[in-house]
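Numbering of the sequence shown is given in numbering that gives the first Met the number 0, commencing with residue 0 and proceeding in unit increments. Ideal Cβ placement from N, Cα and C applies to all residues, glycine included. The structure under discussion appears below in the form of structure tokens.
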Amino acid sequence: MNVELEAIRDIVETHTQVDISKKSRLRDIVHARYLYFTLCRENTMASFKKIADSLGGFNHATVLHGVKCFKETIIAYDKHYKELYETIKVPKFSRKMLAMTSPVAREHKHLTPGRYYKYKFAHLLVNHRDLIFTYRSVVDELNKLKKLNKEHEDIIHNLRSENSRLAMVSEPQNI
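Right, here's the structure in full:
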């Protein structure tokens, strides 16, 4: 299991005094689990599947639902979990936490979590930006070609109608 996910799990379980890997629908366990899912999504680059696998027996849809439910419902109506979320979110996942869990971050302790991932995946971000630029230019070219194609179709239609009109005028009428 990922070191960052383990650290988040330990922190959530310590604060809530609940084993979040239990397959239970008790409110406290479910809310603690959803808190874990939300913190993992916000503070790591782990996919929904990796987060689900870190608890064992859950799937990606459970994580997706948990994050959505926590942000939309639990924070709005449960003051205890809102305060717990704010408490855990801010001080626990600081540069210190990042430095403890990641070998790359140990070399770059001055980086915040957001900058750390930006630094770590800089080459992917550059490739992504280049692909977006290429995609946009291809779409622009396609739109230009569609416009030209429409203009050509209009010209051809006009020529055909002119041809048919001229053919009707030039034919002698037999009465």
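Proximity of residue i and residue j at Cβ, strictly below 9 Å
i: LYS22; j: GLY56; result: yes
i: ILE19; j: ALA31; result: yes
i: LEU34; j: LEU83; result: yes
i: GLU41; j: LYS78; result: no
i: ILE7; j: THR61; result: no
i: CYS68; j: SER53; result: no
Helix, strand or coil at residue i according to DSSP, with G and I counted as helix
i: VAL17; result: coil
i: THR72; result: helix
i: LYS22; result: coil
i: SER46; result: coil
i: GLY56; result: coil
i: PHE36; result: helix
i: PHE120; result: coil
i: VAL103; result: Residue placement at VAL103 is poorly supported in this model, since its pLDDT is 47, which falls under 50; the coordinates still yield a value, given next. Note: VAL103 maps to helix in three-state DSSP.
Selected residue, minimal CA-CA separation from residue i, among the options
i: SER46; options: ARG135, LYS78 and HIS59; result: HIS59
i: ILE10; options: SER163, LEU158, THR86 and LEU141; result: THR86
i: TYR80; options: GLU161, LYS143, ASP27 and LEU165; result: ASP27
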